[in-house]
Structure formats: C-alpha cells, structure tokens
C-alpha cells in the first residue's frame, strides 16, 4: 500500500518522500520502498500512521547526524 502511505506522509505529516523501486531479497519479487526523513518526535506518529494503513508493513528507523536540503536547512516550497 505504498501509494496510500506516501500520500499520508506527505499530507498528514507534511514531510517529503522518495519512492524507490526495489526487489525483495528473500522472495525475489518487485516491491516499492518509501524513504522519508522525520524528526525523533514524529517517529511514534508515523509508525501509527503506517501500521493503520498497512499492519504488515516493514519499517527501518535510523538515526542520522545531519540532514540538509529543502525542508530542513532551506525553506520549503509548496505547490
């Protein structure tokens, strides 16, 4: 349900996403990945949001030491 999750992150969390086409390693099947950078305080909210849409979703949460670019170190642009 990557499309629904992508839309929810964009519209409910006001965060950008990058959609990546991938292949699952174990089943060797095409899949879609969504990459998004959020703050620590948003982790519980995004976990709940994603699991509400797809309870079987797989998430990886990593700490990053620096983020730069539009929306973080530069002003966001809205369409």
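Residue numbers (the numbering used here): 411 to 489. Just so it is clear, CB atoms sit at the ideal spot from N, CA and C, and this is done for glycine as well.
- Taking Cβ to Cβ, would you say residue 464 is nearer than 9 angstroms to residue 414? yes
- Query: Apart from the five residues on each side of it in sequence, which residues of its chain come closer than 7 angstroms, Cβ to Cβ, to residue 448?
  - Reply: 423, 425, 456
- Have a look at residue 441 and residue 430 and give me their C-alpha separation to the nearest angstrom. 9 angstroms
- Task: Just mark residue 420 as buried or exposed, buried being the case when its beta carbon has 16 or more other beta carbons within 10 Å.
- Result: exposed
- Query: Once you ignore the five residues that flank residue 452 on each side, which residues in its own chain have a CB closer than 7 angstroms to its CB?
  - Reply: 423
- Task: Please report the residue range of the alpha helix (DSSP H) in which residue 457 lies.
- Result: 453-463
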